[in-house]
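Everything on this sheet refers to the single structure shown next.
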Amino acid sequence: MRGVSVAGPRAGKHGAKTEKLAVPEAEVVPPYKVVLHNDDVTPMDFVVDALKRFFIPDHDAALEIMRAAHREGSALVAVMPLEHAEFQVQSAHNYARANGFPLTFSIEPA
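In our numbering, the protein residues as written are 1 to 110.
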């Protein structure tokens, strides 16, 4: 773990000795994009449902992402840490396959 440098004991107010403690730096987790890919099989209502279940609770936002993927071939769903993205994408894929649909999301560096 990296930390901020620490100074030894110093004289503080009124001659009392104080010591600075090591404070760990916040670890920066690189962001990843989750992308929805259009297909000709998965019904639009199912896509919106999957988006709401696994990524975006807001119906209107999920609907707009589904429409963007339909128009453009793919659409940005969310930006999140890799582990979270992998879990959500796998969950969405499992849900789609269990319902007989080829709905596909991918993960790429942001």
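Don't be surprised by glycine CBs; every beta carbon is placed ideally from N, CA and C.
Span of the beta strand (DSSP E) around residue i
i: alanine 98; result: Looking at the DSSP string, alanine 98 is not in any beta strand (DSSP E); the run it does join, the alpha helix (DSSP H), is 82-98.
i: glutamate 108; result: 104-109
Where the alpha helix (DSSP H) containing residue i begins and where it ends
i: valine 35; result: Element bounds for valine 35: not the alpha helix (DSSP H) but the beta strand (DSSP E), 31-37.
i: phenylalanine 46; result: 44-54
Beta bridge counterpart(s) of residue i as assigned by DSSP
i: leucine 76; result: Val35
Proximity below 8 Å, CB of residue i to CB of residue j
i: methionine 80; j: methionine 66; result: no
i: proline 102; j: valine 41; result: yes
i: leucine 76; j: alanine 62; result: no
i: proline 31; j: alanine 110; result: yes
i: phenylalanine 46; j: alanine 78; result: no
Candidates the options, of which the one nearest residue i by Cα
i: isoleucine 107; options: Gln88, Tyr95, Gly100 and Asn94; result: Gln88
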